[in-house]
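Q: Sharing a structure with you now.
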Amino acid sequence: EQHENPKREWSLQDFEIGKPLGKGKFGRVYLAREVKSKYIVALKVIFKEQMEKYRIHHQLRREMEIQTSLRHPNILRLYGWFHDSERIFLILEYAHGGELYRELRKKSYLSEKQAATYISNLTQALAYCHEKHVIHRDIKPENLLLDHEGRLKIADFGWSVQSRSKRHTMCGTLDYLAPEMVQNKAHDYAVDNWTLGILCYEFLYGVPPFEAESQNDTFKKIVEVDLSFPSTHSVSAEAKDIISRLLVKDSSKRLSLQKILEHPWIIKNADPSGSSNMIK
Ligand SMILES: Cc1nn(C)cc1-c1nc2c(-c3cnn(Cc4ccccc4)c3)c(Cl)cnc2[nH]1
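As numbered in the numbering used here, residues 190 to 469 make up the sequence shown, in order.
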């Protein structure tokens with residue numbers, strides 16, 4: 190279809206704009222429909238003066254080039270982009286299921302099957318990124334969307350400058366950062382393995398493991414890896430085992446992406462089709 194042809198020059202006239210879907214620091218995302226093919230997309234609008242102000246245009250260009258080259262069922266597609274005098278428009282895959290986080294909040298916590306399916310999806314997407322030498326995909330819950338089959342989609346564009354600045358300025362969201370990140374040490378892609386541990390815990394308990402009243406307390410709990418499993422509801426020993434093997438201070442000792450996919454908890458609970466259609 191049209192949207193598969195990346196060479197095509199797009200313009201705003203090619204789209205009918207629908208309701209706003211969400212907003213970030215540099216712009217908003219709208220539901221949109223390509224006029225000729227009636228194909229539904231998400232159109233992300235970034236204001237150039239915002240981009241200049243935060244000096245991110247070369248970073249944005251590089252991230253967009255990377256994102257266009259990524260093809261994976263658990264990574265949201267970037268079909269193309271165009272710009273006018275004051276805005277840049279990204280033509281993105283539309284995830285019909287919306288934010289994974291909304292579902293987590295609605296259910297307070299997920300079943301082990303659902304959590305394991307999402308962790309397996311994320312791990313496969315990260316393994317794909319790492320083998321293409323694309324690291325630090327910045328997997329944070331607000332970047333996780335669901336398609337119409339309940340399949341997880343990483344929706345970030347490595348907006349590392351946005352998320353990094355967001356991370357430093359976002360109130361209270363140290364929760365997903367590895368010790369080496371919060372201590373501003375050199376970090377590599379093993380930070381993503383740590384984040385998978387945080388997300389796994391949060392999917393199963395509804396809250397991140399090091400959540401605390403103040404950022405300072407969270408900081409201390411992260412660097413001390415002060416991990417405990419509440420007995421509010423029963424969680425399997427295998428689930429606790431995989432979390433304990435990911436939330437390890439020494440980044441070289443964290444379970445590798447390959448080992449995650451071979452872990453008994455994943456083998457036993459993850460839905461091989463990748464979509465986690467739970468019985469409604
Ligand atoms: C919300 C929502 N509810 N339902 C039913 C579907 C969606 C949906 N949202 C998206 C979205 C979407 C929206 N907002 N955001 C967050 C954002 C926005 C601007 C800058 C940075 C980050 C992503 C996308 Cl990209 C792609 N597909 C999406 N689908």
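Cβ coordinates follow ideal geometry from the N, Cα and C atoms, glycine included. Because the structure is a prediction, the values reported are computed rather than measured.
Report back the beta-carbon spacing between leucine 289 and leucine 333 to the nearest angstrom; my notes put them in contact at under 8 Å.
A: Looking up residue 289 in the sequence shown gives position 100. Looking up residue 333 in the sequence shown gives position 144. Leucine 289 to leucine 333, Cβ: 4 Å. Contact.
Q: Within 10 angstroms of the Cβ of arginine 197, are there 16 or more other Cβ atoms? Answer buried if so, exposed if not.
A: Your numbering for residue 197 matches position 8 in the sequence shown. So arginine 197 ends up on the exposed side.
Q: So glutamate 205 and valine 224 are supposed to be a Cβ contact under 8 Å. How far apart are they, rounded?
A: One-based indexing of the sequence shown puts residue 205 at position 16. One-based indexing of the sequence shown puts residue 224 at position 35. So it is a contact: roughly 6 Å between Cβ atoms.
Q: Taking the beta carbon of arginine 251 as the centre, do at least 16 other beta carbons fall within 10 Å, making it buried, or is it exposed?
A: Translated into positions along the sequence shown, residue 251 becomes position 62. Its Cβ having fewer than 16 others within 10 Å, arginine 251 is exposed.
Q: Return the CA-CA distance between arginine 244 and phenylalanine 215, expressed in angstroms with no decimal places.
A: As a position in the sequence shown, residue 244 is number 55, starting the count at 1. As a position in the sequence shown, residue 215 is number 26, starting the count at 1. Looking at the two C-alpha atoms, the distance is approximately 12 Å.
Q: Whose C-alpha, out of Asn405, Lys321, Ala367, is nearest the C-alpha of leucine 388?
A: Reading the sequence shown from its first residue, position 199 is the one you call residue 388. For leucine 388, the nearest C-alpha among the options comes from Ala367.
Q: Confirm the yes/no value for this check: CB of lysine 457, any heavy atom of ligand 1, distance under 8 Å.
A: As a working mapping, residue 457 is identified with position 268 in the sequence shown. Flag unset: Cβ of lysine 457 not near ligand 1.
Q: Can you give the Cα-Cα distance for asparagine 310 and histidine 246, rounded to whole angstroms?
A: Indexing the sequence shown from 1 puts residue 310 at position 121. Indexing the sequence shown from 1 puts residue 246 at position 57. When rounded, the distance between both Cα atoms is 30 Å.
Q: Near glutamate 190, what residues of its chain come up, given a Cβ to Cβ distance below 8 Å and the 5 sequence neighbours on each side ignored?
A: Walking along the sequence shown from the start, residue 190 turns up at place 1. Because glutamate 190 carries a pLDDT of 46, less than 50, the predicted location of this residue cannot be relied on, and the following value inherits that uncertainty. Within the same chain, glutamate 190 has close Cβ partners Ser226, Tyr228.
Q: Quick check on DSSP: helix, strand or coil for lysine 233?
A: Taking the first residue of the sequence shown as 1, we reach residue 233 at position 44. Three-state DSSP puts lysine 233 in a strand.
Q: Using the three-state DSSP reduction, which class does glycine 269 fall into: helix, strand or coil?
A: Here the question's residue 269 lines up with position 80 in the sequence shown. Strand, per DSSP.
Q: Please confirm if lysine 233 has its CB atom under 9 Å from at least one CB of chain B.
A: Checking the listed chains, one finds no chain B in this structure; it contains a single protein chain.
Q: By DSSP's criteria, arginine 276 is part of a beta bridge. Which residues make up the other side?
A: Along the sequence shown, one-based indexing puts residue 276 at 87. DSSP lists Phe236 as partners of arginine 276.
Q: Just to confirm, is the Cβ distance from asparagine 263 to glutamine 202 under 9 Å?
A: Translated into the one-based positions of the sequence shown, residue 263 becomes position 74. Translated into the one-based positions of the sequence shown, residue 202 becomes position 13. No, the pair does not count as a contact, with Cβ atoms beyond the cut-off.
Q: Taking the beta carbon of arginine 291 as the centre, do at least 16 other beta carbons fall within 10 Å, making it buried, or is it exposed?
A: Residue numbering aside, residue 291 sits at position 102 when the sequence shown is read from its first letter. The residue in question, arginine 291, is exposed, as its Cβ has fewer than 16 Cβ neighbours within 10 Å.
Q: Is the region 273 to 285 touching the region 428 to 438, taking contact as three or more C-beta pairs under 8 Å?
A: The region 273 to 285, when compared against the region 428 to 438, does not touch it at the 8 Å Cβ threshold.
Q: Check the DSSP bridge columns for tyrosine 219 and list the partner residues they point to.
A: As a first step, residue 219 must be located in the sequence shown, where it is residue number 30. Answer by DSSP bridge pairing, in chain order: Pro209, Leu232.
Q: By Cβ distance, which residues of its chain are closer than 6 Å to glutamate 391, with the 5 residues on each side in sequence left out?
A: On the sequence shown, position 202 is the one that residue 391 refers to. Contacts found: Pro397.
Q: CB of valine 218 to nearest heavy atom of ligand 1: below 8 Å?
A: Translated into the one-based positions of the sequence shown, residue 218 becomes position 29. Valine 218 Cβ: within cutoff of ligand 1.
Q: Whose C-beta lies closer than 6 Å to the C-beta of threonine 257 among residues of the same chain, with five residues either side of it excluded?
A: By one-based count along the sequence shown, residue 257 stands at place 68. Once the five neighbours on either side are set aside, the close Cβ partners of threonine 257 are Leu267.
Q: Might you give, ordered along the chain, the residues of its own chain that have their beta carbon closer than 8 Å to the beta carbon of arginine 222, omitting 5 neighbours on each side?
A: Numbered from 1 along the sequence shown, position 33 holds the residue referred to as residue 222. Contacts found: Phe204, Glu205, Gly207, Tyr228, Ile229, Val230.
Q: Classify isoleucine 455: buried if its beta carbon has 16 or more other beta carbons within 10 angstroms, exposed otherwise.
A: Counted from its first residue, the sequence shown places residue 455 at position 266. That one is buried.
Q: Determine whether the beta carbon atoms of valine 412 and leucine 436 lie at a separation below 9 Å.
A: Numbered from its first residue, the sequence shown carries residue 412 at position 223. Numbered from its first residue, the sequence shown carries residue 436 at position 247. Contact: no.
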